[in-house]
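Read the structure below first, then the notes.
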Amino acid sequence: MLYIHNTLTRKKEEFEPIDAADVRMYVCGPTVYDFAHLGNARPIVVFDVLYRLLQRLYPRVTYVRNITDIEDKIMDRARENGETIESLTARTTQAFHDDMAALNALPPTVEPRATQYIGDMVAMIEKLVAKGHAYVAEGHVLFNVPSMGNYGELSRRSRDELVAGARVDVAPYKKDAADFVLWKPSAPEQDGWDSPWGRGRPGWHIECSAMAEKNLGATFDIHGGGLDLIFPHHENEIAQSRCAHDGAVLANYWMHNGFLTVNNDKMSKSLKNFFTVRELLAHAPGEALRLALLSGHYRSPLDFSIEALQAAKAKLDRWYGALRVVAYEPYVDCNPPSSFEGALLDDMNTSLAISHIDKLVNNIHAKRITEGDDAAKNELLSCARALGLLYQNPEEWFKWKPAGQSGLSDEEINAQIAARLAARQAKNYAESDRIRDALAAQGVILEDGPAGTTWRRG
RNA sequence: GGCGCGGUGGCAGAAUGGCUAUGUAGCGGACUGCAAAUCCGCGUAUGCCGGUUCGAUUCCGGCCCGUGCCUCCA
Numbered sequence: 061m062l063y064i065h066n067t068l069t070r071k072k073e074e075f076e077p078i079d080a081a082d083v084r085m086y087v088c089g090p091t092v093y094d095f096a097h098l099g100n101a102r103p104i105v106v107f108d109v110l111y112r113l114l115q116r117l118y119p120r121v122t123y124v125r126n127i128t129d130i131e132d133k134i135m136d137r138a139r140e141n142g143e144t145i146e147s148l149t150a151r152t153t154q155a156f157h158d159d160m161a162a163l164n165a166l167p168p169t170v171e172p173r174a175t176q177y178i179g180d181m182v183a184m185i186e187k188l189v190a191k192g193h194a195y196v197a198e199g200h201v202l203f204n205v206p207s208m209g210n211y212g213e214l215s216r217r218s219r220d221e222l223v224a225g226a227r228v229d230v231a232p233y234k235k236d237a238a239d240f241v242l243w244k245p246s247a248p249e250q251d252g253w254d255s256p257w258g259r260g261r262p263g264w265h266i267e268c269s270a271m272a273e274k275n276l277g278a279t280f281d282i283h284g285g286g287l288d289l290i291f292p293h294h295e296n297e298i299a300q301s302r303c304a305h306d307g308a309v310l311a312n313y314w315m316h317n318g319f320l321t322v323n324n325d326k327m328s329k330s331l332k333n334f335f336t337v338r339e340l341l342a343h344a345p346g347e348a349l350r351l352a353l354l355s356g357h358y359r360s361p362l363d364f365s366i367e368a369l370q371a372a373k374a375k376l377d378r379w380y381g382a383l384r385v386v387a388y389e390p391y392v393d394c395n396p397p398s399s400f401e402g403a404l405l406d407d408m409n410t411s412l413a414i415s416h417i418d419k420l421v422n423n424i425h426a427k428r429i430t431e432g433d434d435a436a437k438n439e440l441l442s443c444a445r446a447l448g449l450l451y452q453n454p455e456e457w458f459k460w461k462p463a464g465q466s467g468l469s470d471e472e473i474n475a476q477i478a479a480r481l482a483a484r485q486a487k488n489y490a491e492s493d494r495i496r497d498a499l500a501a502q503g504v505i506l507e508d509g510p511a512g513t514t515w516r517r518g
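If you want it as structure tokens, here you go:
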């Protein structure tokens, strides 16, 4: 039985799918104007764990995660670069795919791109205008917030509070200060599409409503995204979709991941504490980054630091050490034991799930389980892979090298080890220790075992 | 001002009305030529003040502190 915290009710609820034969989930994907930063990666990784869990529970899961490839930031950036939005977004989308693959995030079932759904957006806007929920003003089409009686359900804000707290000047053509744009006009030099209201481009919120409708229908099971999207993005998505669909609920469960901070400051470009996934992947393996993102509960704020990343790497070193003991291959996919799964079923308690793996690893070492213990291996790998971890060969894991680092080649290291062995056999420990220290200075750690000397990069 | 979240050992981080995870760091020991890895053992925590209770870190109230959102934001 899966329990998830529903932002709509602010309670943990038992998950009951609309159609158990096809569970449907939508997660807001990136606006591709630059490399993904770590904050962008958190929801991807969090909902990837949920996607994997749902796939174990139900025969079919339709996971839709969009790419927003038309947005003012994209237009601005393309203009700065002197390139078309197509060339910019093709590049940034590829980078996003590469980064997420490095984090072991499975591709979604469908990955709609906003520019391919302009017609659907226009149709939805027309429907909203026809139903009296939207109006045209000075080339814009605006959603009229007072036309929806229960606007504000998700964020639990009343329209009056919103207007009172508004920090932004209200455009004079708005009927109500809370009204938001569905379609806006484009100047001749700006990207735009023809519409019944002239050449223009869609507002951000309508993109997700249209892509969700097209791929998942009027009502689906789970809608996810970052905490900051609750208002206004998700609130407005709900308003658009429900008003276009005669009140039908958009999603039964809303899930939001907490924010990421860096050294306890909110991650921001102005504070220069902004990490892109790409630069972090040069310093640590993707799985270490992924484990760092899963180390706390998904709804809690997560403080990221290089120390936290190193701690995650160290933990994986230990896990891979155990995996090496029970042998990496062969492995046939199987479901994790219920003791582990129970943690994930309880609103994705990844911390508890991780501690379960720690215990498995302890057990493998403590009992000195030997190679070929399939029960131990199956348990370890099924649990780890439920979290999207331990997909590598341990030998490769321990030889991981930061991108672009020159360092010693494997051949050079092996030659040094041979030289050290000769010195040790001659009991020339001064020389053997000198070689070991020299290697350590270059990040190569030697381990003398009964079967000889092995090495790893630390 | 409005709405919300949180304060657990040196650090990270779960859980729980009584049995106080897990990791890491620290200390002692085993193994090792010495290390590393691994093993064994040890210690230290529930922000403050009340209330309910046989018993509160857990439930309730107040206070203090931190933090997020209030139409760019994952």
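Numbering-wise (our numbering), the first sequence opens with residue 61 and increments by one. Backbone N, C-alpha and C fix where the C-beta goes; we use that ideal spot for every residue, glycine too.
Where the beta strand (DSSP E) through residue i begins and ends
i	result
N317	A311 to N317
A197	A194 to A197
R445	Run containing R445: none in the beta strand (DSSP E); it sits in the alpha helix (DSSP H), D434 to A446.
T149	Premise fails: T149 lies in the alpha helix (DSSP H), I145 to A162, not in any beta strand (DSSP E).
D136	Per DSSP, D136 belongs to no beta strand (DSSP E); it is in the alpha helix (DSSP H), D132 to N141.
K244	F240 to P245
M271	Careful: M271 lies outside any beta strand (DSSP E), inside the alpha helix (DSSP H) at W264 to L276.
F280	F280 to G286
V124	V121 to R125
M85	V83 to V87
F203	H200 to F203
Boundaries of the alpha helix (DSSP H) in which residue i is found, first to last residue
i	result
E295	E295 to A304
G509	Not the alpha helix (DSSP H): G509 falls in the beta strand (DSSP E), residues V504 to G509.
V386	I366 to V386
W457	P454 to F458
R517	From DSSP, R517 is part of no alpha helix (DSSP H) but of the beta strand (DSSP E) over G512 to R517.
V523	For the chain, the structure presents residues 61 to 518; residue 523 sits outside this window and is missing.
E171	Unbroken run through E171: none, as it is neither H nor E.
E389	Per DSSP, E389 belongs to no alpha helix (DSSP H) and is neither H nor E.
D180	I178 to A190
Q476	D470 to Q485
S492	Y489 to A501
G346	G346 to L354
Check: residue i C-beta below 7 Å from any heavy atom of the ligand SAH
i	result
Y86	Among the components of this structure there are no ligands whatsoever, and the ligand SAH is therefore not found.
Bridge-paired residues (DSSP) for residue i
i	result
I417	Looking at the DSSP assignment, I417 forms no beta bridge with any residue, so it has no partner.
G424	Residue identity check: residue 424 is Ile in the sequence provided, not Gly. None; I424 has no bridge partner.
I64	E73
K326	T321
W253	G260
T91	T128
T336	H97
L540	Residue coverage of the chain in this structure runs from 61 to 518, which leaves residue 540 outside it and unanswerable.
D406	Y63
Nearest-angstrom Cβ-Cβ length linking residue i and residue j, presumed shorter than 8 Å
i	j	result
P103	G356	Their Cβ separation, rounded to whole angstroms, is 14 Å, which puts P103 and G356 out of contact at 8 Å.
I495	A483	7 Å
E219	G209	According to the sequence provided, residue 219 is Arg. The question's Glu does not apply to it. In fact, because the Cβ distance is near 10 Å, the residues do not count as touching under 8 Å.
A174	N141	Between N141 and A174 the Cβ distance is about 20 Å, and since that is not below 8 Å, they are no contact.
T67	I290	6 Å
Y123	T169	5 Å
G263	L242	5 Å
A413	F400	6 Å
I424	V385	6 Å
| field | Three or more C-beta pairs below 8 Å linking the region 305-316 and the region 193-203 | value | Taking 8 Å as the limit for Cβ pairs, the verdict is that the region 193-203 does not touch the region 305-316.
| query | Between the region 341-355 and the region 296-305, do three or more beta carbon pairs fall short of 8 Å? | reply | At 8 Å Cβ cutoff, the stretches do not touch.
| task | Pair every Cβ in the region 166-182 with every Cβ in the region 356-371, then say whether three or more of these pairs are closer than 8 Å. | result | Because the criterion of three Cβ pairs below 8 Å is not met, the region 166-182 and the region 356-371 do not touch.
| Given 8 Å, three or more beta-carbon pairs between the region 269-284 and the region 177-188 | Using a Cβ-Cβ distance cut-off of 8 Å, the region 269-284 and the region 177-188 are in contact, since at least three pairs of beta carbons, one from each stretch, lie closer than that value.
| message | Using a Cβ distance threshold of 8 Å, determine whether the region 410-426 contacts the region 367-382, with at least three qualifying pairs required. | response | Yes, they touch.
| Counting Cβ pairs, one atom from each stretch, are 3 or more of them under 8 Å apart for the region 228-237 and the region 252-267? | The region 228-237 is not in contact with the region 252-267.
| said: Is it the case that the region 64-83 contacts the region 91-100, given that we only count it when at least three CB pairs across the two stretches are under 8 Å? | reply: The region 91-100, when compared against the region 64-83, does not touch it at the 8 Å Cβ threshold.
| request: Would you check if the region 433-453 and the region 394-408 touch, i.e. whether three or more CB-CB distances between them fall below 8 Å? | output: Output reads yes: the region 433-453 touches the region 394-408.
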